[in-house]
Amino acid sequence: MVEAEVLVVGGGAIGGITAARMTGLVRRVVILDTNEAHVARMRDPGLTWEEPGGERTVALDAVTRARDLEGEFDFAMIAVKAPHHRAALEPLLAEGTVRAFVSLGNGLIQAGLAQLVGERRLLACLVEWGGTNVGPGRLVRDTVAPMVVGELDGAEYERTRLLARCLESVGEARVSRNIRGQIWSKLLVNTAFTGLSAVSGLRYGEVADHPDGREAAYAVWAEGVRVGEAEGLELDAVLDVEPHELVVRSDEDRKIAGAALERMMAVAGNTKPSMLQDLEQGRATEVDVVNGGVAARARAHGIATPVNDRVVELVHAMERGERSPAPEVLTELVCAGGR
93 MVEAEVLVVG GGAIGGITAA RMTGLVRRVV ILDTNEAHVA RMRDPGLTWE
143 EPGGERTVAL DAVTRARDLE GEFDFAMIAV KAPHHRAALE PLLAEGTVRA
193 FVSLGNGLIQ AGLAQLVGER RLLACLVEWG GTNVGPGRLV RDTVAPMVVG
243 ELDGAEYERT RLLARCLESV GEARVSRNIR GQIWSKLLVN TAFTGLSAVS
293 GLRYGEVADH PDGREAAYAV WAEGVRVGEA EGLELDAVLD VEPHELVVRS
343 DEDRKIAGAA LERMMAVAGN TKPSMLQDLE QGRATEVDVV NGGVAARARA
393 HGIATPVNDR VVELVHAMER GERSPAPEVL TELVCAGGR
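Residues in the sequence shown are numbered from 93 upward in steps of one, following my numbering.
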C-alpha cells in the first residue's frame, strides 16, 4: 500500500482509469468530476473499463463538488483539458487542501497551470497511453505505455518518488530529471499524430499507414524538433523512438523513420486521441496548446511552422462546423508543407 492521498480532477479516460488502477493500492484515491451521471456510475456499481487483457470494474470514491471533499491530499492529478483548468482548480485552491498538483494533460499547459497553482507546487506527468470515453461509468484503455513524472526545476524530491510509486499501480512509471525535454518529446507525438488524427478522423496507426498522413506527420515532427532545439531543450526518447529518427531529409532518413514509426505504432497505433473525440462530440479542443503551442514558440524564434499552422486552422474550422474530419485532409497538409 502506497501511503499517499490522491485526488484525481477529471474522470475521463486518463483520469478515470488512473484513479481506478490506484484504488486499493494507494491509501486514498478520490475523483472530482462535474458529470453527475458519470460520478454516480463510478460510485455504484463502479467504473468499468476495457484494456488489453480484459475488462475490470472498480467502485470509486467520487464527488461532483470540491466542497464535498474531506481531508487533505498529497497530490491533485489534473486530468481535465486546458480550457477547463481555471474552473476546475479555483475551488480546490480556495479549499486549500492540496499540497501539490500534477499535470496529466497534453500540450504546453505547464506555464498556465503554474500561474494558477504556483510553479513550486506543480509536477508534470507524461501519459504515453491513450483511452476513450464510452459513456457514464465506461471507459476504454486503447494502449499500454509508460508514465513519466518530474519536477519542473529538474530536481528529484521525496514527493517526486512518492508520485512515481502511486503511478506504478497504473503501469510502468519512472522519474525524469529532464521533464521539460520529455514534455516536448511527447508534444512531438501529439502534434504529429493527435493533430493529424483529429483532422483526418483516423487513429494513430491509420495516419501512419496513410501515404499522405505519414508525410504530413514527418513534416509536423520536423517543425517541432527544430523549435524544441531553438528552445534549448534536450529532447528525450518517446514511445521507443529518438526524436531525430523521424526527421526526414534524405532517402536514408526515410528508411530510418519508417522503422522508427513501426516501433512507435506497435505501442500507440490503436490510439484514438481526445482531440478527435472532442470534435466528434462538438466540444472545444486543446489544439491551441498542442500544434498551436509549437507554432507560438516558433514565432518567438522566427521559425516557420506551416503544417502546424494549418492543423490549427483546420481544427478550429471543424470546431465551428465548417469542415469535417476526413482522410483527404491529410493531402492538404502535405501541400501546406510544400511537397
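Here a beta-carbon is modelled for each residue, glycine too, at the ideal position from N, C-alpha and C.
- The beta carbons of E187 and A154 sit no closer together than 8 Å.
- Relative to L338, the option among E326, L331, L325 and L353 whose CA is nearest is L353.
- Under the 10 Å beta carbon count, Y296 is surrounded by 16 or more other beta carbons and is classified as buried.
- Counting only the Cα atoms, F165 lies some 31 Å from T363.
- Look at R341 here: in three-state DSSP terms it is coil, with no helix or strand label.
- If the five residues before and after D401 are omitted, its C-beta is found closer than 7 Å to the C-beta atoms of A387, all from its own chain and listed in chain order.
- Assignment of A216 by DSSP, reduced to helix, strand and coil, places it in the strand class.
- Of the candidates S289, R391 and P183, the residue whose Cα lies closest to the Cα of T377 is S289.
- Sequence-distant partners of R253 (beyond 5 residues in either direction) whose C-beta falls short of 8 Å from its own C-beta, in its chain, are V267.
- W221: not part of any alpha helix (DSSP H); DSSP gives it neither H nor E.
- Excluding sequence positions up to five before and after R389, its CB lies within less than 7 Å of the CB of V319 and E323, all in the same chain and listed in chain order.
- For A96, no alpha helix (DSSP H) encloses it; the enclosing beta strand (DSSP E) starts and ends at V94 to V101.
- Taking the C-beta atoms as reference points, V172 is found nearer than 8 Å to A180.
- As the crow flies, the alpha-carbon of L279 is around 11 Å from that of I201.
- According to the DSSP secondary-structure assignment, V319 is paired through a beta bridge with no residue.
- Here DSSP, grouped into helix, strand and coil, assigns D401 to helix.
- Contact between I170 and A216 does not hold, since their C-beta atoms are separated by about 10 Å, which reaches or exceeds 8 Å.
- The residue among A192, G305, P335 and G227 with its C-alpha nearest the C-alpha of A132 is G227.
- Close CB contacts of M356 within its chain, under the 7 Å cut and outside five residues either way in sequence, are with L331, D332 and V333 (chain order).
- Taking a 10 Å sphere around the C-beta of P365, we find 16 or more other C-beta atoms and assign the residue as buried.
- S292 is a Cβ neighbour of V421, given a cutoff of 8 Å.
- Your pair N383 and V403 checks out as a contact, with CB atoms roughly 4 Å apart and the cut at 8 Å.
- Residue ranges of uninterrupted beta strand (DSSP E) with 3 or more members, entirely inside the segment 151–205 and ordered along the chain, are 153–155, 165–170 and 190–195.
- Between L218 and D125, the alpha-carbon positions lie close to 21 Å from each other.
- At a Cβ-Cβ threshold of 8 Å, V236 and G263 count as neighbours.
- No residue range can be given for G116, since it is assigned to no alpha helix (DSSP H) and is classified by DSSP as neither H nor E.
- Just so you know, the alpha carbons of A265 and A396 end up roughly 35 Å apart.
- One thing to note: T286 has its Cβ within 8 Å of the Cβ of N198.
- Shortest Cα-Cα distance from E95 to any of D370, A256, Q369 and H302 involves A256.
- For A247, the three-state secondary structure derived from DSSP is coil.
- Per DSSP, L325 lies in no beta strand (DSSP E) segment and is marked neither H nor E.
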